[in-house]
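Comments concern the structure below.
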Amino acid sequence: MNIIRVTKTSRNRVDAIFTGYQYLFFHADFGLVAVAKREMNGIQAENNFVIMRSEQISEEMIKSTIEKNESTFNNRLNKFFFSNEDNKPQHTLPYIVDVKLENR
């Protein structure tokens, strides 16, 4: 799991968590604002990302974060497919986030 700082300001902070096959974008005030899942395809030189987002994050912010992070791992072409979730509030994303703290 890799944590990525998306924005540099603390006022509108957005962080992303990369789990290996998906990116979870969190806003400091709104919580989960986007999910980008890697879709497998038959072409080895391409990565396809299916993205669901709310109105609290832009398409360009998601694209630039994934492009920057993926370039450190491989040299594949990234394609983005947005699922028309834009201009919807955060609570319309069909996910619930459960955080559990454990002792190390």
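Read left to right, the sequence shown gives residues 1 to 104 (our numbering). Glycine residues also receive a C-beta, built at the ideal position from the N, C-alpha and C atoms.
- As the crow flies, the alpha-carbon of K37 is around 22 Å from that of K100.
- When only Cα atoms are considered, F30 and Q56 end up about 8 Å apart.
- Annotation: the region 14-76 contains the following complete segments of the beta strand (DSSP E) (minimum length 3 residues), in chain order: 14-18, 22-27, 31-39, 46-53.
- For the set N12, M1, I3, the Cα lying nearest the Cα of S58 is the one of N12.
- Assigned with DSSP and collapsed to three states, R5 falls in strand.
- In the structure shown, K100 falls within a coil segment according to DSSP collapsed to helix, strand and coil.
- Here M1 has I17, F18, T19, G20 as same chain residues with Cβ atoms under 8 Å from its own Cβ, once five neighbours each way along the sequence are excluded.
- S10 is classed as exposed because its beta carbon has fewer than 16 other beta carbons within 10 Å across all chains shown.
- In summary, A34 is buried, with 16 or more beta-carbon neighbours lying within 10 Å of its beta-carbon over all protein chains present.
- When DSSP reads this structure, N78 sits in a beta bridge with N47.
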